[in-house]
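In this note's numbering, each residue's number is its place in the sequence shown (first place is 1) plus 353. Accompanying notes for the structure given below.
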Amino acid sequence: MPTDIAVPLRDTLQRLSNRKSACSEATVQADIRQLLLTGGLGLAEENLEVNLESQVGGRRRIDIEVGYTVIEVKKSLASVATVRDAEIQLADYVDLRTRETGQRYVGILTDGREWRAYQIHDGVLTEASRYTLKTGRPDLTSLLYWLEGVLATRAGISPTPAEIRERLGAQSTSFALDKAGLAALFHAHGSMPTVQLKRQLWADLLRGAFGTQFAESTELFLEHTLLVNSAEIIAHMVLGFDVADLQPGTLLGGEHFRLARISGVVEHDFFDWVLEVPGGEAFIRTLARRLARFDWRQVEHDVLKVLYESIISAETRSRLGEYYTPDWLAEQVVAETVTDPLRQRVLDPACGSGTFLFHAVRRYLTAAEQAGMDLADAIEGVTRNVHGLDLHPVAVTLARVTYLLAIGRDRLRDERRRSVHVPVYLGDSVQWRPEDEDDLFSDGQVVIATVEEGPQLYDNKLRFPETLLADAAGFDNLVDELTELAASPRRPGAIPSLTALFNRRAIPPEHREPISNNFALLCRLHDDGRDHIWGYYVRNLARPRWLSRPENRVHVLVGNPPWLAYRRMPADMQRRFRELCETRGLWHGKEVATHQDLSGLFVARTVQQFLSVGGTFAFVMPNAALDRGYFAGFRSGLYADKVELTTVAFTRSWDLRRLRPHFFPRGAAVVFGQRTGPDRGASELPISTLRWIGRIPKQGNTWNAVAPSLTFEPAQLVLHDSMTLESPYEPRFFQGATFIPRVLFLVERKPTGPLGLPSGRRAVRSERSAKEKIPWKHLPSLEGVVESEFLRPILLGETVLPYRLLPPREVVVPIQGTQLLDGVHPQLDLYPDLARWWRSAEKIWLDNRPSERLSLAEQLDFRSKLSIQMQPSPLRVVYGASGMHVAAALVDDPVPLCDKALYWGTVNSRAEGHYLCAILNSPSLTRLVRPLMSYGKDERHIDKHVWKLPIPLFDGTDDLHSRLAELGQRQAALVDRLGLDENADFITLRRLVRKALAAGPYADEINELVVFLLDQ
354 MPTDIAVPLR DTLQRLSNRK SACSEATVQA DIRQLLLTGG LGLAEENLEV NLESQVGGRR
414 RIDIEVGYTV IEVKKSLASV ATVRDAEIQL ADYVDLRTRE TGQRYVGILT DGREWRAYQI
474 HDGVLTEASR YTLKTGRPDL TSLLYWLEGV LATRAGISPT PAEIRERLGA QSTSFALDKA
534 GLAALFHAHG SMPTVQLKRQ LWADLLRGAF GTQFAESTEL FLEHTLLVNS AEIIAHMVLG
594 FDVADLQPGT LLGGEHFRLA RISGVVEHDF FDWVLEVPGG EAFIRTLARR LARFDWRQVE
654 HDVLKVLYES IISAETRSRL GEYYTPDWLA EQVVAETVTD PLRQRVLDPA CGSGTFLFHA
714 VRRYLTAAEQ AGMDLADAIE GVTRNVHGLD LHPVAVTLAR VTYLLAIGRD RLRDERRRSV
774 HVPVYLGDSV QWRPEDEDDL FSDGQVVIAT VEEGPQLYDN KLRFPETLLA DAAGFDNLVD
834 ELTELAASPR RPGAIPSLTA LFNRRAIPPE HREPISNNFA LLCRLHDDGR DHIWGYYVRN
894 LARPRWLSRP ENRVHVLVGN PPWLAYRRMP ADMQRRFREL CETRGLWHGK EVATHQDLSG
954 LFVARTVQQF LSVGGTFAFV MPNAALDRGY FAGFRSGLYA DKVELTTVAF TRSWDLRRLR
1014 PHFFPRGAAV VFGQRTGPDR GASELPISTL RWIGRIPKQG NTWNAVAPSL TFEPAQLVLH
1074 DSMTLESPYE PRFFQGATFI PRVLFLVERK PTGPLGLPSG RRAVRSERSA KEKIPWKHLP
1134 SLEGVVESEF LRPILLGETV LPYRLLPPRE VVVPIQGTQL LDGVHPQLDL YPDLARWWRS
1194 AEKIWLDNRP SERLSLAEQL DFRSKLSIQM QPSPLRVVYG ASGMHVAAAL VDDPVPLCDK
1254 ALYWGTVNSR AEGHYLCAIL NSPSLTRLVR PLMSYGKDER HIDKHVWKLP IPLFDGTDDL
1314 HSRLAELGQR QAALVDRLGL DENADFITLR RLVRKALAAG PYADEINELV VFLLDQ
């Protein structure tokens, strides 16, 4: 913003934000008018009038009206009565304007300092968003973003990741208003049968894709609806349509795409329920107006991925394992793998929002231009060569629009182009169904069941001749036309003739009877209120099986498979997962089942089904795929199967675990390989890798922007069988108990007042932390009185520094002797204060626990991690379960309990404790164990990986052991003398301690001795 505009505006904001200034209501109105006209909101006197005191009838006047927004200005909103009266007045304004224009209006109530945005539904005004200027230092930019999100008056905004996050993301005013409006529609009409059907089908698909990690909720359904509706509107703008001139039904139904001879992009799906409810069309018009602010013509990356990650919460994405690949990495993987784009057919079998597809499409089109290929042939060729599949319905819609963005508006609008079919499909790439079950392809037909169970009055399966699928666009258009005819006006029970359709499409005589039978079923489904969605199912679910036919397999597979953990799969998926893994040599026993995930099987299955012999692949994988024992079967490249033996020759890998910041919750890698035939056989993944090191720039979206910040070095992988124990200390160390959620256990002392409490009782309340997770972070604290014998000191991960302990915290824990008293234990009521606390905690747990598998007591004592601590150990060594460096200390107090963020083990003497602390705290130990550790986001999970090193039991007669014990004792004394502020952040304290140790006289000798010890 120019200085000559910004300075006066900041002066205006100072007046508006200062409650003490004696401004009249007229002055506040004038300042707000000035802000609107000169704040870069796309408003100016000559092209958009800002009306002061616009009359709306009945002598009521609107203070300011801008576009589809009415603004009521008050001198102050400090008075509850003033706000109440203003809201009544604003409700009248908004309701009247909405009824007069048929557009959804937004109301703003403000005194210049506080800004509140409202929507009206069924005559009720509801606040959707609020912004407050800070007195003294008002933030002009933030207020203008907030206002622009309400007014939607800017034009030509570049759809960069930053702009999308700011203007459309979950923290934006646009999102707050749109989600509130959508929630009101669903609350009023969500019980309609067609809406319920579409929500149920949505939930069934995601439950199949994500297992127990998918938590069905109205909020997520609404977020997905908003995302898909937005993507379909953006698709129209990519082609240059003025969405303000289009009817909502055509925006979500794809009519204009059919007229433009573009298929496979916008279609009836789960999320067009909005059009079936009163008020839905007005909602779509408003959404389209907000999205039209952006210029979608020039896009150079997968912007819809940014939109998805800006709307869906990090907690939800983490639970579902949804972490989309950064553009720069996908770009480079495609560049390395798609070496002959004009001849190679490419498939991403887990395409997500379409990041890999975007770069594969761009790579093909660039090669086509360089080869002088005609534009029409180039577009036809790319849609024949680049395909995508995904089981997530939202991802599929986003990927289709991303595909269009990759082709680009200019090519799509060129009059030379022919019909375009976007080949991205909803489908199950793993194909979980057992081979002996009724196949999707049966007797030369593709079969889709329209109901799951229950008695039927008619055949419930749609059956299409398989040969029709060879022409993807033709098959999809046929299904579309049948679905539309079934939904057209007719007498209930009547089945219109298809003769004209058969003749126009030249349908062979042998195919006409099954198509007629399908059409009759579609008509009955429509009569039963279950129409539209089955055409969507047929078009999408058939494509994966068609692609798996040997003659249709592709030359290149690329992508990022789902990392769905075995422990998160539902029971039936776990059984089938184990069957498929055991057959292919991928199952490594129950001992490591919790570590296994879907990625390895996904690669094996997609190579088997979709990749031709001689074809190549590149997949982004968990870093564990490179060196963990439970991925040994995957790395072998030999995947047996009774239907078809699959062998691959792995060629190379990229180790990405040294990149910062982590872009996934676990360390990542890329594996490359080629499908081989039986003559050549399998080749294991080489132990040599290319290690990537560096810090990714914050705005790094392209490979050219990121590559200069990276270095690459050849490295050797350290393979480790996780079922082999190297140190005899391994069985002597245990993980601490699960004091989670901490709000129910961790406490701080509470003032008791002048009268105090009787002896043996303590007033406590929950100790809160900013690191708490949903839903616990939003719950109120527990407060009460507890008998002091049930307050125990606890050591947490953050209380352990190298060689030193910070003061322990306190927990409420119902331990009596060696018994754990749960809510039904007969002795619990002998302690009434504890009983009240514990039963309150149990109720909170039952109301909010993530699954019904464990009670609160079972959670606390999971795998006996608390019970084993009930017998005191006079001397223990503890170390943190995670961290960038191993941190260990000696504990000589038997009373404190250990939390799950620690591992603890009993030692027989102080000398043995100092010996272990010297080893565990040495930088050389961290360096040696690091290749064996699990990698997570910005931390490394140490767990028991330290005992995979051959650390021998302490022998006091061994000179090396004794010297390490002596040096460990000296290091502990050095750390004890440090003047540390024990209230400071524990990460800072650990850094200070490590720095002091490194500068001390013993560090080099300890490092040398540890290396020598482990080499013996």
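Every residue gets a Cβ at the ideal spot worked out from N, C-alpha and C, and that includes glycine.
What is the residue span of the beta strand (DSSP E) that residue i lies within?
i: R462; result: According to the sequence provided, residue 462 is Leu. The question's Arg does not apply to it. L462 -> beta strand (DSSP E) spans 459-463.
i: M926; result: M926 -> not in any beta strand (DSSP E); alpha helix (DSSP H) instead, spanning 924-937.
i: V596; result: That residue, V596, is in no beta strand (DSSP E); it is neither H nor E in DSSP.
i: I1046; result: 1041-1048
Residue i lies in the alpha helix (DSSP H); which residues open and close that run?
i: D701; result: Where D701 is concerned, there is no enclosing alpha helix (DSSP H), although the beta strand (DSSP E) it sits in stretches over 699-701.
i: A1022; result: Element bounds for A1022: not the alpha helix (DSSP H) but the beta strand (DSSP E), 1021-1029.
i: L1345; result: 1339-1352
i: P746; result: 746-760
i: Q784; result: Element bounds for Q784: n/a, residue is neither H nor E.
Exposed or buried, which one is residue i when buried takes at least 16 other CB atoms within 10 Å?
i: A597; result: exposed
i: L1366; result: buried
i: R737; result: exposed
i: D730; result: exposed
i: V1363; result: buried
i: G852; result: The sequence shown places Thr at residue 852, not Gly. Exposed.
i: K1218; result: buried
i: H621; result: buried
i: R1010; result: buried
i: L366; result: buried
i: K1301; result: buried
i: P546; result: exposed
i: F1017; result: buried
Who are the Cβ neighbours of residue i in its own chain at under 8 Å, not counting the five residues just before and after it?
i: L599; result: H589, H609, A641
i: S1193; result: L1135, G1137
i: T603; result: H609
i: E519; result: Y498, S525
Identify which residue in the options has its Cα closest to the Cα of residue i.
i: S1119; options: V1139, G1106, A1068, L579; result: V1139
i: A1241; options: N1261, P1276, P1227, M1223; result: P1276
i: I1168; options: S1220, S850, S706; result: S1220
i: E1037; options: G734, D824, D980; result: D980
i: I417; options: L718, Q1322, L390; result: L390
i: A431; options: V419, G465, L443; result: G465
i: Q1212; options: L1097, F636, V960; result: L1097
i: L964; options: G632, V907, L538; result: V907
i: H1356; options: Q1322, F1339, V773; result: Checking the displayed sequence, the identity of residue 1356 turns out to be Ala instead of His. Considering only alpha carbons, the answer is Q1322.
i: S429; options: E629, C376, I441; result: C376
i: A993; options: F574, Q961, A971, G982; result: Q961
i: D1329; options: T454, I1340, R988, L1345; result: L1345
i: F574; options: A613, Y446, F624; result: F624
i: E1216; options: G1089, R1013, H474, V956; result: Residue 1216 is actually Arg in this sequence, not Glu. Answer by Cα proximity: G1089.
Taking 6 Å as the limit between beta carbons, can you name the residues of its chain near residue i, skipping five residues before and five after?
i: L559; result: F567
i: T1279; result: H1238, V1239
i: Y1397; result: Outside the modelled stretch of the chain, which goes from 354 to 1369, sits residue 1397, for which no answer is possible.
i: T1105; result: A1116
i: H879; result: A839, A840
i: E569; result: A556
i: P1299; result: Here residue 1299 turns out to be Val, not Pro, going by the sequence shown. The residues are V1282.
Using a Cβ-Cβ cut-off of 7 Å (strictly less than) and excluding sequence neighbours within five positions of residue i, which residues of its own chain qualify?
i: E1195; result: G1176, L1209
i: N371; result: T488
Does the region 1198-1213 come within contact of the region 1105-1121, defined as at least 3 CB pairs closer than 8 Å? The region 1198-1213 makes no contact with the region 1105-1121: fewer than 3 CB pairs, one atom from each, lie closer than 8 Å.
Touching or not, the region 1120-1129 and the region 1046-1058, by the rule of three or more beta carbon pairs under 8 Å? Counting Cβ pairs under 8 Å, fewer than three are found: no touch.
Across the region 675-689 and the region 900-920, are there enough close Cβ pairs to call them in contact, namely three or more that are closer than 8 Å? Judged by Cβ distances under 8 Å, the region 675-689 makes contact with the region 900-920, as three or more pairs qualify.
Using 8 Å as the threshold, is the region 1243-1261 in touch with the region 1156-1173, meaning 3 or more CB pairs across them? Counting Cβ pairs under 8 Å, three or more are found: they touch.
So, do the region 619-636 and the region 499-510 have three or more beta carbon pairs nearer to each other than 8 Å? Fewer than three beta-carbon pairs drawn from the region 619-636 and the region 499-510 are found closer than 8 Å, and the two stretches are therefore not classed as touching.
Inter-stretch contact at 8 Å, needing at least 3 Cβ pairs: the region 1225-1236 / the region 1258-1270: Output reads yes: the region 1258-1270 touches the region 1225-1236.
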